[in-house]
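If you read the sequences in order, they're chains X and G. For the first sequence, the residue numbers in the working numbering are 99 to 455. For the second sequence, the residue numbers in the working numbering are 99 to 455. As structure tokens, the structure follows; a few thoughts come after it.
Protein chains: 2
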Amino acid sequence: MKNTALIMAGGRGERFWPRSRKNLPKQFLSLTSDGKTLIQLTVERILPLVGREDMFISTNEDYLPLVRQQLPDIPEENIICEPVSRNTAPGIGLGAAYIAKKYGEETVMIVLPSDHLIKYNQMFAATLRDAVQLAEKGQNLVTLGITPDEAETGYGYIKFRPDEMEDRGYRVDHFAEKPSLELAKEYVSSDEYLWNSGIFVWKVSTIMKEFERFMPDVHEGLSVIRDAVSTSQEEEIVRKIYPGFPSISIDYGIMEKSDRIYTIPGNFGWDDVGSWLAIERIQRSNEYGNISSGNVITVNTGNCIIQGRDKLIAMVGMEDTIVVDTEDATLICAKNSTADIKKVLENLKICNRDEYL
Amino acid sequence: MKNTALIMAGGRGERFWPRSRKNLPKQFLSLTSDGKTLIQLTVERILPLVGREDMFISTNEDYLPLVRQQLPDIPEENIICEPVSRNTAPGIGLGAAYIAKKYGEETVMIVLPSDHLIKYNQMFAATLRDAVQLAEKGQNLVTLGITPDEAETGYGYIKFRPDEMEDRGYRVDHFAEKPSLELAKEYVSSDEYLWNSGIFVWKVSTIMKEFERFMPDVHEGLSVIRDAVSTSQEEEIVRKIYPGFPSISIDYGIMEKSDRIYTIPGNFGWDDVGSWLAIERIQRSNEYGNISSGNVITVNTGNCIIQGRDKLIAMVGMEDTIVVDTEDATLICAKNSTADIKKVLENLKICNRDEYL
């Protein structure tokens, strides 16, 4: 059976400002020392399971040129443009409709975010193979769960049933939204919770059935779209139907409701690259704890992240600071304040300084 | 009797890098909110005592265009170019030679650094008038002493004799070089020491006599130069003689040896603007303790000095940090580390990156 992939590349993250912008979100940035962008690494990572001709990219008009430029080997007809943003449930449904039309409903589709990083690619591919096997076997929604290493409050959690195994997957009891710190600590110490990675594997027919059960209106629209794909009416039909879908996440719309979910715990060095602090996990620091690139001089400076360019940046007596220089803006941020970067963007929005967004 | 002034503008300070450069030293920078440069403020400050046509600027070839541009009303023939740098004793001697030729030896000359700031200009002018009066009266070298408000180890000190007064001046016992912290504390608590401001007042004949006593070779050379000033041979003679002078400060060469010195204590808000920290004394901070200029956004940021330009600088969660942005370099320096800025310049020198010096 053919494996396909749907790479979700419509996100508009703000947490890597000033490098990420409205017109250049995180998935199109290179944050690793190899110079490859996050979406390019996502494609490479699944090559052991999916050929490039079977990868689909879900994005929007704004990012179409970036997708074409960064992924020139993905077939043009596999790039799916959402006419408006409707969150992940309709987005994944739209991808499923395209894949169904091209390969039929028995095809397995792997759904992946395009802006995460994974350290151990072979382990990841092995886990994904287990997931594909479990998804092929029946009407199963399979998610990759991440073994949590701290009480993170920024992620959703998956409660699984340790005594209900199927191949390498555990039956999922329920999805839990982002918890309080107290609850997160409880989850982590219980050993029965995993982080929700947002990586899903299922047959197209399986997810379509769940749309039919839990979002019947969307399912009806997706059926119309599926029939129109690869016809002269494709664009018109998508533009007509898609905006009518509700803006709902796949977690909320389907995963929290379905009773067909399995999770396979993964230990492949998953990183959602949620803020500039992720650079410390991704890149090697020098003897002073600094991670720097570009034209940088440091004097008595330690544990800093410095992303420079041609322009000289001289750091003197600094600690625990993030500096990101771009052509029109420089961010200087205490490491413990990355969550406040969004306040800079709010300020810019209020002042109508859209050129910096 | 005519008052003249000699403004010393040949200095090459590094402590305001990256705004100050080899080709743009501190005296030519604007550090106050009025946009005037330090040397322009120096000229304005002495206008109550000295007309612009009687002001002489001592500088060098490199800074000649800056002097002309910033002080267009100073007569061209009053701009004195040192062919090489020979510290303040020969520099002041050269100025004295020019003034002697133009106005005769009984003229009073006021010698001032061009890179200091003074807060209370009227008080300064009043003190200077007292000094001029004392200098005119006889063969006195008069210095303005600053009442110290802390045990500063970066300045020279003047020990005066509280019971030997002449008009508003105290007889100086001796000049003391930059002290240890312990000694500085002793000086300040004794109430018999003042900071050496580097502002001197004397008749040309008085300082010439001291050159004759303590630096007779220099005196001989200065006499030759004086005769050549305003003749066709002026430039040739200066270029021939000046480089032969020893490189010695006026403090070391004359003030520490002379027994004709009086000091007038001043309380006019003197500031030698020795580092970026001086900005806190010069400019008003906002409610968060930040002093910023240019295109700057701050979020949870306090007690910072931010000198921006058109390019956006966003500061998030920062404290006690100095940020100075220029076209080709950005400094990010902890407030307690300004003394280490020179290490950046050493680094640049070693690496032959002269474009940043």
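The beta-carbon is built from N, C-alpha and C at its ideal position, and this holds for glycine as well.
With fewer than 16 neighbouring CB atoms inside 10 Å of its own CB, tyrosine 386(X) falls in the exposed class. Ranked by how close their Cα comes to the Cα of isoleucine 305(X), the residues Leu169(X), Gly189(X), Ser128(X) have Gly189(X) in first place. For asparagine 101(X), the uninterrupted beta strand (DSSP E) segment begins and ends at 101-106. Taken through DSSP and simplified to helix, strand or coil, methionine 413(X) comes out as strand. For alanine 376(X), no CB of chain G lies under 7 Å from its own CB, so it is not counted at the interface with that chain. Residues of the stretch 395-422 of chain G with a Cβ closer than 7 Å to any Cβ of chain X, in chain order: Ile395, Val397, Asn398, Lys409, Leu410, Ile411, Ala412, Met413, Val414, Gly415, Met416, Val421. Nearest to glycine 364(X) by C-alpha distance, out of Gly243(X), Gly193(X), Pro116(X), is Gly243(X).
Secondary structure at serine 288(G): helix, using DSSP grouped into helix, strand and coil. Judged by their CB atoms, isoleucine 172(X) and arginine 143(X) are not nearer to each other than the 7 Å cut-off. Against aspartate 438(G), the close residues of chain X are Val397, Asn398, Val414, Gly415, in the order they occur along the chain (beta-carbon pairs closer than 9 Å). For valine 316(G), the enclosing alpha helix (DSSP H) starts and ends at 314-326. Interface with chain X (7 Å Cβ-Cβ cutoff): tyrosine 386(G) is excluded.
Setting aside the 5 residues that flank it on each side, serine 118(G) is surrounded in the same chain by Gly111, Glu112, Lys124, Leu127, each with a C-beta closer than 8 Å to its C-beta; the list follows chain order. The stretch 265-274 of chain G and the stretch 175-192 of chain G do not touch, with fewer than three beta-carbon pairs separated by less than 8 Å. In this structure cysteine 449(G) is exposed. Its beta-carbon is surrounded by fewer than 16 other beta-carbon atoms within 10 angstroms. Burial of glycine 351(G) is indicated by the presence of at least 16 other C-beta atoms within 10 angstroms of its C-beta. A distance of 7 Å or more separates the beta carbons of alanine 195(G) and isoleucine 346(G).
Scanning its chain for C-beta atoms nearer than 6 Å, with the 5 sequence neighbours on each side dropped, one finds around leucine 429(G) the residues Pro116, Val422, in chain order. If you draw a straight line from the Cα of serine 391(X) to the Cα of glycine 254(X), it comes to about 33 Å.
Straight-line spacing of the CA atoms in glutamate 334(G) and methionine 207(G) works out to 25 Å. Restricting attention to Asp369(G), Glu234(G), Ile411(G), the CA atom closest to the CA of lysine 217(G) is found in Asp369(G). Taking the Cα of arginine 311(G) as reference, the smallest distance to any Cα among Asp261(G), Gly367(G), Met353(G) is reached at Met353(G).
Leaving aside the five residues that flank threonine 424(G) on each side, the residues in its chain whose CB is nearer than 8 Å to its CB run, in chain order, Pro116, Arg117, Arg407.
If the five residues before and after valine 165(G) are omitted, its C-beta is found closer than 7 Å to the C-beta atoms of Ala107, Ile155, Thr157, Ile177, all from its own chain and listed in chain order. Three or more beta-carbon pairs separated by less than 8 Å are not found between the stretch 246-261 of chain G and the stretch 220-227 of chain G, which leaves the two stretches without contact.
Neighbours of isoleucine 430(X) across chain G, judged by C-beta separation under 8 Å: Ile411, Ala412, Met413, Val414, Met416, Thr419, Val421, Ile430.
Closest in C-alpha terms to leucine 443(G), from the list Lys235(X), Asp349(X), Ala412(X), Met416(X), comes Ala412(X). The beta-carbon separation of threonine 241(X) and isoleucine 297(X), rounded to 7 Å, stays under the 8 Å limit for a contact.
By DSSP's assignment, aspartate 369(G) forms a beta bridge with Leu215(G). With respect to phenylalanine 343(X), valine 302(X) sits apart: the two C-beta atoms are not nearer than 7 Å. Taking a beta-carbon distance threshold of 7 Å, serine 390(G) does not count as an interface residue toward chain X.
The Cβ-Cβ distance between cysteine 402(G) and valine 414(X) does not fall below 7 Å. Just measuring C-alpha positions, the residue of Gly372(G), Gly193(G), Ala274(G), Met416(G) sitting nearest valine 327(G) is Gly193(G).
Around aspartate 426(G), the beta-carbon contacts reaching into chain X at under 9 Å are Asp408, Lys409, Leu410. A straight-line Cα-Cα distance of about 20 Å links threonine 329(X) and leucine 162(X).
At a beta-carbon threshold of 7 Å, the residues of chain G lying near lysine 441(X) are Val397, ordered along the chain.
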